[in-house]
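Engineer: Right, I'll just put the structure down here and ask away after.
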Ligand SMILES: Nc1ncnc2c1ncn2[C@@H]1O[C@H](COP(=O)(O)OP(=O)(O)O)[C@@H](O)[C@H]1O
Ligand SMILES: N[C@@H](CC(=O)OP(=O)(O)O)C(=O)O
């Protein structure tokens, strides 16, 4: 308690608005033991009140009283509004023990009226899917095992044992028999199959809450208004979802004091009416979609790490939590960090590691559109402050926020050739391309620009050559001026010599030369007040360019 209250005092310094105070305060105290809901409220109230009285002014007291009022309203079932989403990923609800801890965690915020979103327990989705690392899993086994053996599929038994043996899984067994009969697993069936993971975890969790005397109600996302495209295994949420979800909640949930427990990751295809999934890690998107639909105060995504980290901790364990991110940074990080999970789990030819993205690539879009802060927290270490993702952050605190790795990228390189016609053919065609693209993205066609490329091969030693390829997009009208300034800087003033010390390789790691050259380009061109519309490097570190106030080349990620 002492540590938690000092976190509250030190971090807030009464500079933040009232709602901010209550928000940070939420994370100060977390009890790890089971408790009676009403009892723990009493403890919390007394403790917080004492701390606040002794440390702060009447202003805080007022905030606190407001919060108490809200707690009372919620307790009495009069609260008309939900306050936040609490989303827990598979690792957070991997076992019965973890579920108990998550229940305690949720109840340790009695001032909240949350909507809870759950993923499937642990690795359930992988177990239900085609393949997981080297072993063929339930779905694929069913394709070849024969109908009479479908009930004996190990993963089915394993799911039964890992979850509650009492859970009725007849439907899943029937489905596996159906797959065995058809000897085929289509994307549509795959989505139906993996939906069992979320459907089961939410039912189990709601049942557990009810068992311990906390009213909870389970909902399947496809029944509460999640309408998607019919792109099975990777469906997009349609706009109609927002009003549909809001309608369901206002019509049925508001006056029900039960905590809603909603399946993450799932939707309903608008044409087929079949169950769809939102792509791996899609429960984050479920959470932000509900947050936007209801205009909630905050979306919490609880993971197994202390927030968004400076890089993937499975790649480099010394990765540090990033305290603040903007929606754009988080979207970019999610997008560039997104992995093709299936590819990397494809058996003997693939890697024997699974890769995990920290946020679903699309998940920031609803949060940004609804301007709803997203807090990434660690369900294993709730006292850690986590990461707050919001509209703006203090950029003077950190220029670079994180390094992400995207594997298995396919690059589309369009080169105008003589075969396509005379010069200008592609430019004319672009109008049609833009029309098509505008259906799915905001497209800015920037004309009358020039591309300046700095290309080289720098020899560091007799063995190592480093290719340099930096392209800057500037205004046509300023291009000659830019070439002159860059030439003076790189070839006439000895700047390159100055950069050479940075070219030395240490322990075989790559040279940061490209970064230094890019930086110098920006310095030079900003000194002559030229606009750089975009910058490209072979391995783009978009954050550097973005934080220098330049337009990011891929600017329509969210
Ligand atoms: N930059 C990053 N910051 C934090 N975690 C990352 C990052 N890149 C990859 N990861 C991985 O993403 C995982 C996200 O946590 P997890 O609890 O598995 O989320 P969820 O279950 O909600 O999908 C981490 O365990 C970590 O291995
Ligand atoms: N269970 C799904 C959906 C999901 O969001 O999972 P998690 O939150 O554990 O990444 C998956 O594994 O992709």
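Numbering (my numbering), first residue to last: 988 to 1545.
Every residue, glycine too, gets a C-beta built ideally from N, C-alpha and C.
Values in this document were obtained by computation on a predicted structure and should not be read as measured data.
1) Check whether the Cβ of residue 1252 sits closer than 8 Å to any heavy atom of ligand 2, and report yes or no.
2) Considering Cα atoms alone, identify which of 1512, 1073, 1214, 1106 is closest to residue 1459.
3) Could you tell me how far apart the beta carbons of residue 1308 and residue 1371 are, in whole angstroms, since I believe they sit closer than 8 Å?
4) Taking only the alpha-carbon atoms, compute the straight-line gap between residue 1171 and residue 1267 and give it to the nearest angstrom.
5) Please classify residue 1190: does DSSP put it in a helix, a strand, or coil?
6) Curious, which full-length alpha helix (DSSP H) runs of at least 4 residues does the stretch 1279 to 1326 contain?
7) Quick check on this structure: which residue in 1313, 1466, 1264, 1279 has the alpha carbon closest to the alpha carbon of residue 1233?
8) Taking 8 Å as the cut-off, is the CB of residue 1116 close to at least one heavy atom of ligand 1?
9) Can you pull the DSSP bridge partners for residue 1075?
10) Touching or not, the stretch 1281 to 1295 and the stretch 1244 to 1255, by the rule of three or more beta carbon pairs under 8 Å?
11) Output yes or no for whether 9 Å exceeds the beta carbon distance between residue 1347 and residue 1272.
12) If the criterion is Cβ atoms closer than 9 Å, does the pair residue 1070 and residue 1101 meet it?
13) Using the Cβ count rule (16 or more neighbours within 10 Å means buried), how would you classify residue 1379?
14) Label residue 1230 either buried or exposed according to how many other C-beta atoms from any shown protein chain fall within 10 Å of its C-beta, with 16 as the threshold for buried.
15) Assign residue 1108 to buried or exposed, taking buried as 16 or more other Cβ atoms, counted over all protein chains shown, within 10 Å of its Cβ.
16) For residue 1437, name the three-state secondary structure that DSSP assigns.
17) Taking the beta strand (DSSP E) that residue 1251 belongs to, which residues open and close that run?
18) Rounded to whole angstroms, how far is the Cβ of residue 1115 from the Cβ of residue 1184, which I believe are closer than 8 Å?
19) Entirely within the stretch 1208 to 1265 and at least 4 residues each: give me those alpha helix (DSSP H) ranges in chain order.
20) For the beta strand (DSSP E) containing residue 1362, list its first residue and its last residue.
21) Taking the C-alpha atoms as reference points, what is the distance between residue 1262 and residue 1317?
22) Can we count residue 1361 as close to ligand 1, meaning its CB is less than 8 Å from some heavy atom?
23) Tell me which residue opens and which closes the alpha helix (DSSP H) that residue 1166 is part of.
24) Three or more beta-carbon pairs under 8 Å between the stretch 1252 to 1262 and the stretch 1203 to 1210, yes or no?
25) What's the C-alpha gap between residue 1364 and residue 1311?
26) Is any non-hydrogen atom of ligand 1 found closer than 8 Å to the C-beta of residue 1306, if you look at the structure I gave you?
27) Could you have a look at residue 1419 and say whether DSSP puts it in helix, strand or coil?
28) Tell me, to the nearest whole angstrom, how far the beta carbon of residue 1228 is from that of residue 1276; I am working on the premise that it is less than 8 Å.
29) Out of 1439, 1068, 1508, state which residue places its alpha-carbon closest to the alpha-carbon of residue 1549.
30) Which residue marks the beginning of the beta strand (DSSP E) containing residue 1375, and which one marks its end?
31) Are residue 1359 and residue 1295 closer than 9 Å when you measure CB to CB?
32) Can you tell me the Cα-Cα spacing of residue 1156 and residue 1260, whole angstroms?
33) Tell me whether the beta-carbon of residue 1220 lies closer than 9 Å to the beta-carbon of residue 1178.
34) What number of angstroms, rounded off, separates the C-alpha of residue 1223 from the C-alpha of residue 1160?
35) Do residue 1462 and residue 1436 have their C-beta atoms closer together than 9 Å?
36) Any idea if residue 1504 is buried or exposed, counting beta-carbon neighbours within 10 angstroms, 16 or more meaning buried?
Structural biologist: In short, the structure shows the following:
1) yes
2) 1512
3) 7 Å
4) 22 Å
5) helix
6) 1314 to 1324
7) 1279
8) no
9) 1105, 1289
10) no
11) yes
12) yes
13) exposed
14) exposed
15) buried
16) strand
17) That residue, residue 1251, is in no beta strand (DSSP E); it is neither H nor E in DSSP.
18) 6 Å
19) 1228 to 1235
20) 1361 to 1365
21) 28 Å
22) no
23) 1157 to 1169
24) yes
25) 12 Å
26) yes
27) helix
28) 6 Å
29) Here the chain covers residues 988 to 1545 and nothing more, so residue 1549 does not appear.
30) 1374 to 1377
31) no
32) 22 Å
33) yes
34) 29 Å
35) yes
36) buried
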